[in-house]
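Novice: Just so we're aligned, residue 0 is where the sequence shown starts under numbering that gives the first Met the number 0, counting upward by one.
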Amino acid sequence: MGELEDAVMTRVWKWNRPVTVREVLEDLQQERSIAYTTVMTVLDNLHQKGWVRREAEGRAYRYEAVSTRAAYAAALMNDAWSQSDNPAAALVAFFGMMSEEQRHALRDAVRIVQGPEETREAPERRPEAPQQVARRQEPREARQEENPGSAEGGDGR
Numbered sequence: 000m001g002e003l004e005d006a007v008m009t010r011v012w013k014w015n016r017p018v019t020v021r022e023v024l025e026d027l028q029q030e031r032s033i034a035y036t037t038v039m040t041v042l043d044n045l046h047q048k049g050w051v052r053r054e055a056e057g058r059a060y061r062y063e064a065v066s067t068r069a070a071y072a073a074a075l076m077n078d079a080w081s082q083s084d085n086p087a088a089a090l091v092a093f094f095g096m097m098s099e100e101q102r103h104a105l106r107d108a109v110r111i112v113q114g115p116e117e118t119r120e121a122p123e124r125r126p127e128a129p130q131q132v133a134r135r136q137e138p139r140e141a142r143q144e145e146n147p148g149s150a151e152g153g154d155g156r
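Okay, here's the thing in structure tokens:
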């Protein structure tokens, strides 16, 4: 989304109701010199891109956002993440750029997505360090050497 499209969408999202070209124009004109036809073209482009829906009202249209600004931001993040050749490294770098407040918001969001059941189980699912994996596997391997019938493919007796 370009800078002018973002300026228009910011108003559509903020007002959270169907808007006319004239309303957007008058608000934008408080910040910059802009023509009615420019705003009309931008809203038409946003409609063609699927960001707004429109409904005829007399000889004009009323435009309304199809999704929220949060959904737009999520789509941008997903798009950027999916283009990485190393998504895990990209996430680590992204998290490293976050402020403490943003990290708290991320933790809250993860809790919401996971739900109460998964949040309680989360500590059990944390990745183990290689040493922990090796120690956990030693007794099993030792048992299998002592009792070859218990290994996969044996008769289990």
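For glycine and all other residues, C-beta sits at the position ideal for the given N, C-alpha and C.
Skipping 5 residues on each side, what residues in its chain have a beta carbon closer than 7 Å to that of Ala73?
Specialist: Within the same chain, Ala73 has no close Cβ partners at all.
Novice: Could you tell me whether the segment 53 to 68 touches the segment 3 to 19, using the rule of 3 or more Cβ pairs below 8 Å?
Specialist: Touching, yes.
Novice: Below 7 Å CB to CB, which residues in the same chain sit around Ala133 once its five sequence neighbours on both sides are set aside?
Specialist: Residue confidence for Ala133 is low, a pLDDT of 39 falling below 50, so the modelled location carries little weight; the figure read from the coordinates is stated next. Closer than 7 Å at the Cβ level, and outside the excluded window around Ala133, lies no residue.
Novice: I need the straight-line Cα distance from Leu90 to Leu3, nearest angstrom please.
Specialist: In a straight line, the C-alpha of Leu90 is about 29 Å away from that of Leu3.
Novice: Within the same chain, show all residues whose beta-carbon is closer than 8 Å to that of Val41, passing over the 5 residues directly before and after it, in chain order.
Specialist: Leu3, Glu4, Val7.
Novice: Between the alpha carbons of Thr118 and Glu99, how many angstroms are there, rounded?
Specialist: Summary for Thr118: the model assigns pLDDT 49, below 50, so the residue's position carries little reliability; its value from the coordinates is reported in the next sentence. Their Cα atoms are separated by approximately 21 Å.
Novice: Looking only at its own chain, which residues have a Cβ that is under 6 Å from the Cβ of Ile33, when we skip the five neighbours before and after it?
Specialist: Only Leu27 meet the Cβ criterion.
Novice: Just to confirm my understanding: we take Gly49, look at its own chain, exclude 5 residues before and 5 after, and list those with CB closer than 7 Å. What are they?
Specialist: Only Val65 meet the Cβ criterion.
Novice: Under the criterion of a Cβ to heavy atom distance below 7 Å, does Ala34 qualify as lining the ligand MG?
Specialist: In the structure shown, the ligand MG is absent, as is every other ligand, since no ligand is present at all.
Novice: Given Pro86, which residues of its chain have a CB within under 7 Å of its CB, disregarding the five upstream and five downstream residues?
Specialist: Closer than 7 Å at the Cβ level, and outside the excluded window around Pro86, lie Trp80.
Novice: Excluding five sequence neighbours on each side, which residues of the same chain lie with their C-beta closer than 6 Å to the C-beta of Glu54?
Specialist: The residues are Arg61.
Novice: How long is the line joining the alpha carbons of Gln37 and Arg58, rounded to whole angstroms?
Specialist: Inspection of the sequence shows that residue 37 is occupied by Thr rather than by Gln. If I take the Cα positions, the gap works out to 17 Å.
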